[in-house]
Structures are given as C-alpha cells and as structure tokens.
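Peer 1:
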Amino acid sequence: MSSTINDVAKLAGVSRQTVSRVINNLPLVKPETVLEVQKAIALLDYHPNAVARNLAIKTVKTVGLFMPFDVEQVRQNMFFSTISATICHYYAKQDFVLQLFTSPDDRNYSELFKKLYREKRVGGLILTCPSVNNEDVMELLAAKIPFVIIGRPGLELEQINYVDVDNVKAAYLAVQRMLELGHRKICLLNAPSSMTLAVDIRKGAEEAYREANMPIGNLSEMHIDLTLKSAYEATLHVLSKDDRPTAFVTADDLIVLGIKKATDHLNLSIPTDLSVISVIKNGWADLLPMPLTYIDASFEDLGTRSAQFMLKTISEPEKKHMMQKKLKPELILGGTCARVAMPV
295 MSSTINDVAK LAGVSRQTVS RVINNLPLVK PETVLEVQKA IALLDYHPNA
345 VARNLAIKTV KTVGLFMPFD VEQVRQNMFF STISATICHY YAKQDFVLQL
395 FTSPDDRNYS ELFKKLYREK RVGGLILTCP SVNNEDVMEL LAAKIPFVII
445 GRPGLELEQI NYVDVDNVKA AYLAVQRMLE LGHRKICLLN APSSMTLAVD
495 IRKGAEEAYR EANMPIGNLS EMHIDLTLKS AYEATLHVLS KDDRPTAFVT
545 ADDLIVLGIK KATDHLNLSI PTDLSVISVI KNGWADLLPM PLTYIDASFE
595 DLGTRSAQFM LKTISEPEKK HMMQKKLKPE LILGGTCARV AMPV
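As structure tokens, this is what we get:
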C-alpha cells in the first residue's frame, strides 16, 4: 500500500498543511522542519501529486540543488545561503521549483540522484563542488542526467558543465599585492588538499612568485579545516617559528578571524605586524575591527548562471548545452595589509 501525505505528516511530527508547503516549496517553514519532512518523504518513498503531474508532462520543472552540509551550516555560510537564495528567486520568476537537498555525510549520492531523475522528481541537478566526488560525476554522466557544478570539478572533462570563480587568478592577485608591499615570506592558510579550491590557490600563488622572480621556497602553506579553531591553532604554530612569515593569504575570511584571535593572544597587530588577504569573503570579515582586504567575486552571479544553464538544458532537451565558465575576480583593498617594515 502506497504512503499518503498523512503518513508523512505523522512521521515528521507536523501537520498535513506543513508537508504540503514543503512539497510545493512555499515559504514560512523552518529549515529544520523542511529537513524532517524531506527525511520522512524519503523513508516512506512518498510520491506527492506534484510528482504524478510531472510524470504526465514532458518538462519536469523541478531542479534539485545539493549542498554537502546540514541546514544550519548552509544558513551560516554566506556562499551557500546566497547561492541558494539567488537560484530560488530566479526559478520563482520562471515558474520552476527548486528542491534543496542537504547532508553533511561524505558518501556517494549518485544512486539517489538517479532515482530522483528516473521518477521525474527532478529534471536536473545543481551540485556544489565539495559535495561531488569523481565517482558521482562519472555515474551522472553515464546516466545522462543533466547537471551543472558550482565550483571547478576535479575531473577535467569537456562534457562536465560548471561555473566557478577563477580562483587561480584570485590567489595570484592576493599574493601579487603582498609582494608589491614588500612581503617575501608569505604563508597560505589553505583549504583541505582534497578541494580543488586549495589546488587553485597554490597554483595562483606560485604564478605570482614566478612572475616577480621570487624564490617559491619563501612561500609556505598549511592545509586546514575551514574553522575558527583550526585557523587559530595553525596561526599560533606558524608564528611560533623564528623565521616566520610577514603575511598570510587565506582561503576564506573565517580563517582571518582565527588569525586575529591568535595575533591578539600574541600581542601582535594586524596589519602593523602581520598582513592578511582573504581569497574568499563569506561575511565573517564583518566581525573584524578593520575592513578586510579580499578578492571579490559575485556569489549571485554563480547562482544565476547555474540556474539559467539548467533551465535551458531542461527546457531544450533536443539541444546540447555546454558551459565551463570562470568568473573574473577583483582585488578589494581594505585595512588588513601594510607595507612590510624594513629592518633598521
């Protein structure tokens, strides 16, 4: 016997009306409630009427957006919250529905994606790069499921569609600025090495050193978790060395908060004793006592371009749509960098 909307409501501990609002992506439902309803739908394998309607039409006007974090992490991260809001706003104007899937688990999701597509519960997928491993990508390609990735994927294949910031250029601009200010020993507090972001930051930094005819041996690097605690501990470790750097280039601005906490502990000052530039600004920099120097790129543009691409792909299945786009970054000067002090 198939499940009903009442079964979903009972399992999720909410009203039937709340389940209906979640199914139809209507506002005024708490994120944690949405997650509970989605779990109940999945456990009961419930097919709402909207799915039945999708089965009867050629175009499925529902796009799945997958993010590799729980709902609270998505809300707290400016990158993910801005992208999801931008895509949702765009699709609302196009009479499309956005279905958000979140999960902090590091597992293979290709089977779930294929099931959703096969049952016409989604017409295509927008994936955020940290959530996508190579196995997922290859299985989605083999199943011929339309998808686009926000972020550069690890696989360099022409049939993989993605949009990203040119993070190589972003890191290049950050390190170039530090070198212009006289800094020679620069430390990268970088993302985990498994992320393509980390690879791109290292590549851009090395390009800046080579162009300036500076020895790359002066460029140090630590791969850390993108958390305040990891950044604080890494900064204390780096600054405990006799031959310590005079500047940090960070993967995001939460790391900058960790650096600030460490410099306060060591009675050091930013930018007098240490200069800092962030390759990504997620909104945490607003907690700093001075404006951050950072590399700017439009999160809204990433969301809009991915949404537009997926809409075209779903609406025009007879055409072959391709996109591999890198957005141009820009250096924004703040108050966290200074010319390096020359020895007397």
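Under our numbering, think of the first position of the sequence shown as 295, with each following residue one higher.
Note that beta-carbon positions come from the ideal geometry of N, C-alpha and C, so glycine has one too.
1) By a C-beta neighbour count over all protein chains shown, 10 Å radius and 16 as the cutoff for buried, is M361 buried or exposed?
2) Please tell me whether N455 and M616 are closer than 8 Å, where the distance is taken between their beta carbons.
3) I'd like to confirm the pairing. Which residues does DSSP put opposite F542 in its beta bridges?
4) Which residue from K606, I564, W578, I574 puts its Cα closest to that of T630?
5) Taking T521 as the reference, which of D546, P539, D537 has the closest Cα?
6) Out of F407, G498, K438, N461, point me to the one whose CA is closest to K575's CA.
7) By the 10 Å Cβ neighbour count, where 16 or more other Cβ atoms means buried, how is N318 classified, buried or exposed?
8) Is it the case that the Cβ atoms of L475 and A635 are separated by a distance below 8 Å?
9) Grouping DSSP H, G and I as helix and E and B as strand, with all else coil, what is F395?
10) Does the separation of the CB atoms of L581 and L560 fall below 8 Å?
11) Can you grab the Cα-Cα spacing for the pair S487 / V493, in whole Å?
12) When you compare each of L530, D430, E515 to L421 by their alpha carbons, which one comes out closest?
13) Is it the case that the Cβ atoms of T380 and T598 are separated by a distance below 8 Å?
14) Across which residues does DSSP place V457 in a beta bridge pair?
15) Near I351, what residues of its chain come up, given a Cβ to Cβ distance below 7 Å and the 5 sequence neighbours on each side ignored?
16) What whole-angstrom Cβ distance do Y503 and L513 have, given they're in contact under 8 Å?
17) Taking C-alpha atoms, which residue in D519, G445, I553 lies nearest to K620?
18) What would DSSP say about G417, mapped onto helix, strand or coil?
19) Rounding to the nearest angstrom, what Cα-Cα distance links E515 and L562 in this structure?
20) Considering only the beta carbon of each residue, do M372 and G511 sit closer than 8 Å?
21) Alpha carbon to alpha carbon, how far is K555 from V354? Give it in angstroms, no decimals.
22) What do you reckon, are the CB atoms on Q453 and L435 nearer than 8 Å?
23) Is DSSP giving Y503 helix, strand or coil here?
24) Taking a contact to mean a Cβ-Cβ separation below 8 Å, would you say N484 touches R471 in this structure?
25) Considering just the uninterrupted stretch of the beta strand (DSSP E) at V634, what are its terminal residues?
26) For I608 and E505, I'd like the C-alpha separation in whole angstroms.
27) Put M584 into one of helix, strand or coil per three-state DSSP.
28) Hey, would you say F395 sits closer than 8 Å to I439, going by beta carbons?
29) Would you decide whether P623 is buried or exposed? Buried here means 16 or more other CB atoms lie within 10 Å of its CB.
30) Contact check, I571 vs V543 under 8 Å by CB: the rounded distance?
31) Using C-beta distances below 6 Å, list every residue in its chain close to N299, excluding the 5 sequence neighbours before and after it, in chain order.
32) Roughly how many angstroms lie between the CA atoms of V416 and D339, to the nearest whole one?
33) If you reduce the DSSP assignment to three classes, tell me which class G358 lands in.
34) How many Å lie between L349 and H341 at the Cα?
Peer 2: With the given structure in hand:
1) Numbered from its first residue, the sequence shown carries residue 361 at position 67. The residue is buried, with at least 16 neighbouring Cβ atoms inside 10 Å.
2) Your numbering for residue 455 matches position 161 in the sequence shown. Your numbering for residue 616 matches position 322 in the sequence shown. Yes; because the gap between Cβ atoms is below 8 Å, this pair is in contact.
3) The count along the sequence shown starts at 1 and reaches residue 542 at position 248. In the DSSP output, where bridge partners are listed per residue, F542 has C481, V570.
4) Position 336 of the sequence shown holds residue 630. Closest option to T630, Cα to Cα, is I564.
5) Looking up residue 521 in the sequence shown gives position 227. Checking every option, the nearest Cα to that of T521 belongs to D546.
6) Translated into the one-based positions of the sequence shown, residue 575 becomes position 281. Closest option to K575, Cα to Cα, is N461.
7) Sequence index remark: in the sequence shown, residue 318 carries index 24 (1-based). Classification for N318: exposed.
8) Residue numbering aside, residue 475 sits at position 181 when the sequence shown is read from its first letter. Residue numbering aside, residue 635 sits at position 341 when the sequence shown is read from its first letter. Against a cut-off of 8 Å, the Cβ pair of A635 and L475 comes out as no contact.
9) Mapped onto the sequence shown, residue 395 falls at position 101. If DSSP states are grouped into helix, strand and coil, F395 belongs with the strands.
10) Walking along the sequence shown from the start, residue 581 turns up at place 287. Walking along the sequence shown from the start, residue 560 turns up at place 266. No. Outside cutoff.
11) Locating residue 487 in the sequence shown gives position 193, where the first residue counts as 1. Locating residue 493 in the sequence shown gives position 199, where the first residue counts as 1. The alpha-carbon atoms of S487 and V493 are separated by roughly 7 Å.
12) Against the sequence shown, residue 421 aligns to sequence position 127. The option with the nearest alpha carbon to L421 is D430.
13) Counted from its first residue, the sequence shown places residue 380 at position 86. Counted from its first residue, the sequence shown places residue 598 at position 304. Yes.
14) The residue labelled residue 457 in the question sits at position 163 within the sequence shown. DSSP lists I444, K619 as partners of V457.
15) Against the sequence shown, residue 351 aligns to sequence position 57. Residue placement at I351 is poorly supported in this model, since its pLDDT is 49, which falls under 50; the coordinates still yield a value, given next. Within the same chain, I351 has no close Cβ partners at all.
16) Position 209 of the sequence shown, counting from 1, holds the residue named residue 503. Position 219 of the sequence shown, counting from 1, holds the residue named residue 513. Correct: roughly 6 Å between the Cβ atoms.
17) Along the sequence shown, read from residue 1 onward, the residue named residue 620 stands at position 326. Taking only the C-alpha atoms, the option nearest K620 is G445.
18) In the sequence shown, counting from the first residue as 1, residue 417 sits at position 123. DSSP places G417 in coil when its eight states are reduced to three.
19) As a first step, residue 515 must be located in the sequence shown, where it is residue number 221. As a first step, residue 562 must be located in the sequence shown, where it is residue number 268. Going by the C-alpha atoms only, they are around 21 Å apart.
20) Position 78 of the sequence shown, counted from the first residue, corresponds to residue 372. Position 217 of the sequence shown, counted from the first residue, corresponds to residue 511. No; because the gap between Cβ atoms is not below 8 Å, this pair is not in contact.
21) In the sequence shown, counting from the first residue as 1, residue 354 sits at position 60. In the sequence shown, counting from the first residue as 1, residue 555 sits at position 261. If I take the Cα positions, the gap works out to 49 Å.
22) Residue numbering aside, residue 453 sits at position 159 when the sequence shown is read from its first letter. Residue numbering aside, residue 435 sits at position 141 when the sequence shown is read from its first letter. Cβ distance < 8 Å, so Q453 and L435 count as in contact.
23) Counting from 1 along the sequence shown, the entry for residue 503 is found at position 209. Looking at Y503 - three-state DSSP - the assignment turns out to be helix.
24) Residue mapping note: residue 484 aligns to position 190 of the sequence shown, counting from 1. Residue mapping note: residue 471 aligns to position 177 of the sequence shown, counting from 1. The answer is no: Cβ separation not under 8 Å.
25) Walking along the sequence shown from the start, residue 634 turns up at place 340. Per DSSP, V634 belongs to no beta strand (DSSP E) and is neither H nor E.
26) For the purposes of this step, residue 608 is identified with residue 314 of the sequence shown, where counting begins at 1. For the purposes of this step, residue 505 is identified with residue 211 of the sequence shown, where counting begins at 1. Looking at the two C-alpha atoms, the distance is approximately 44 Å.
27) To locate residue 584, count along the sequence shown from 1; it is residue 290. In this structure, M584 counts as coil in the three-state DSSP scheme.
28) Translated into positions along the sequence shown, residue 395 becomes position 101. Translated into positions along the sequence shown, residue 439 becomes position 145. Their beta carbons are not under 8 Å apart, which means F395 does not touch I439 by this criterion.
29) Reading the sequence shown from its first residue, position 329 is the one you call residue 623. Burial call: buried.
30) In the sequence shown, residue 571 corresponds to position 277, counting from 1. In the sequence shown, residue 543 corresponds to position 249, counting from 1. About 5 Å; that satisfies the 8 Å criterion.
31) Counted from its first residue, the sequence shown places residue 299 at position 5. Looking at the sequence itself, residue 299 is Ile, so the reference to Asn does not match. Cβ neighbours of I299 beyond the five flanking positions: R310, V313.
32) Residue numbering aside, residue 416 sits at position 122 when the sequence shown is read from its first letter. Residue numbering aside, residue 339 sits at position 45 when the sequence shown is read from its first letter. Computed Cα separation, rounded: 15 Å.
33) Looking up residue 358 in the sequence shown gives position 64. Looking at G358 - three-state DSSP - the assignment turns out to be strand.
34) By 1-based counting over the sequence shown, the position of residue 349 is 55. By 1-based counting over the sequence shown, the position of residue 341 is 47. With a pLDDT of only 48 at L349, under 50, the local geometry of the prediction cannot be trusted, and the value read off the model is given with reservation. Answer to the nearest angstrom: the Cα atoms are 11 Å apart.
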